[in-house]
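Notes follow once the structure below has been shown.
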Amino acid sequence: GENVEQHPSTLSVQEGDSAVIKCTYSDSASNYFPWYKQELGKGPQLIIDIRSNVGEKKDQRIAVTLNKTAKHFSLHITETQPEDSAVYFCAPDNYGQNFVFGPGTRLSVLP
Amino acid sequence: EAQVTQNPRYLITVTGKKLTVTCSQNMNHEYMSWYRQDPGLGLRQIYYSMNVEVTDKGDVPEGYKVSRKEKRNFPLILESPSPNQTSLYFCASSLVGDEQFFGPGTRLTVL
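In order, the protein sequences belong to chains A and B.
Residues 398 to 508 in our numbering are what the first sequence lists, from first letter to last.
Residues 649 to 759 in our numbering are what the second sequence lists, from first letter to last.
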């Protein structure tokens, strides 16, 4: 089945710095690449996604880059704020088949 | 309001006592899924459904049953719960190959 890894597993940054989380996957048929944010006590929520025909997508302080050849995609957060502190999950998808979430990255933004 | 609802939100039960966790969505999504979340293990898929009367096993289906008789509902059934099924459970729905919308979670304790 699909093997999904995330690095790092924990990340601490100073407020205002940038954060980058990388997700690697094994299923070359994956064609949808989302990132979810989970705050304490809540369900995960989509923050940004990208499809396989696009290399990069940006939404204000958040961006996602995709390298399909190398089978990895990354989440970039610039100008981090305390409210960015959460657990982030990648979840590469192939039309709902063999769907696996990454193990998660705990981001702490220090004031 | 577009949403996924789960009931109950909290449940304490005893080993062997059958229980059902309900999940309902109002977005006309084909795809519905159940996950369990345990510390250090991330989100693991239990079962998923691509449409009415179509269900399939995820990564950790043992001890669980599901049914999809209507498009909006996807109940999770534990016929004989055991303590190792103590966990936080999330239901999610989406269009196939698109953003997943998660319910608020059900915290289950099996004594």
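Every residue gets a Cβ at the ideal spot worked out from N, C-alpha and C, and that includes glycine.
The structure displayed is predicted, hence computed values, not measured ones.
Work out the CA separation of B:F738 and A:L437 for me, nearest whole Å. Using only the alpha carbons, I get a separation of about 14 angstroms.
Can you name the residues that DSSP bridges to B:M680? In DSSP, B:M680 forms a bridge with B:S697, B:S741.
Neighbour list for B:M698 in chain A, Cβ cutoff strictly below 8 angstroms: Residues of chain A with a Cβ closer than 8 angstroms to the Cβ of B:M698 are, in chain order, G493.
I'd like to know whether the C-beta atoms of A:D490 and A:V506 end up nearer to each other than 7 angstroms. Against a cut-off of 7 angstroms, the Cβ pair of A:V506 and A:D490 comes out as no contact.
Give the interface partners of A:D446 over in chain B, defined as CB-CB distance under 9 angstroms, in chain order. Those are D746, E747, listed as they occur along chain B.
Pairs of beta-carbons, one from the region 723-737 of chain B and one from the region 417-427 of chain A, closer than 8 angstroms: are there three or more? Judged by Cβ distances under 8 angstroms, the region 723-737 of chain B makes no contact with the region 417-427 of chain A, as fewer than three pairs qualify.
Would you tell me roughly how many angstroms separate the C-alpha atoms of B:Q748 and B:G664, rounded to the nearest one? Cα to Cα, the separation comes out at about 32 angstroms.
Identify the residues that DSSP records as bridge partners of A:V506: which are they? According to DSSP, which records beta bridges pairwise, A:V506 is partnered with A:V410.
Flag A:F498 as yes if its beta-carbon sits less than 7 angstroms from any beta-carbon of chain B, otherwise no. Any Cβ of chain B closer than 7 angstroms to the Cβ of A:F498 would place that residue at the interface, and such an atom is present.
Beta carbon of B:V662, beta carbon of B:L759: below 7 angstroms? Result yes, Cβ atoms of B:V662 and B:L759 sit closer than 7 angstroms.
Compare the C-beta of B:P752 with all C-beta atoms of chain C and state if any pair is closer than 7 angstroms. Chain labels in this structure do not include chain C; the protein chains are A and B.
Check whether the Cβ of B:F738 lies closer than 7 angstroms to any Cβ atom in chain A. By this cut-off, B:F738 is an interface position.
Beta carbons nearer than 8 angstroms to chain B: which residues of the region 459-476 of chain A have them? The region 459-476 of chain A vs chain B, Cβ under 8 angstroms: nothing.
Taking the DSSP output, what are the residues bridged to B:P709? None, per the DSSP bridge assignment.
With DSSP collapsed to three states, give me the class of A:D446. DSSP places A:D446 within a strand segment (E or B) once states are collapsed to three.
Hey, is A:L507's beta-carbon within less than 7 angstroms of any beta-carbon in chain B? At a cut-off of 7 angstroms between C-beta atoms, A:L507 does not count as an interface residue with respect to chain B.
Could you check which residue in B:Q673, B:Y658, B:V669, B:E649 has the C-alpha nearest to that of B:V714? The closest CA to that of B:V714, considering only B:Q673, B:Y658, B:V669, B:E649, is found on B:V669.
Beta-carbon proximity of B:L691 to B:Y683, cut-off 7 angstroms: Result yes, Cβ atoms of B:L691 and B:Y683 sit closer than 7 angstroms.
Below-7 angstroms beta-carbon distance, A:D481 vs any chain B residue: Taking Cβ atoms only, chain B never reaches closer than 7 angstroms to A:D481, which makes this a no.
Supposed contact pair B:N721 and B:S672 - C-beta distance, whole angstroms, cut 8 angstroms: Taking C-beta atoms under 8 angstroms as the contact rule, B:S672 and B:N721 qualify, at a distance of about 5 angstroms.
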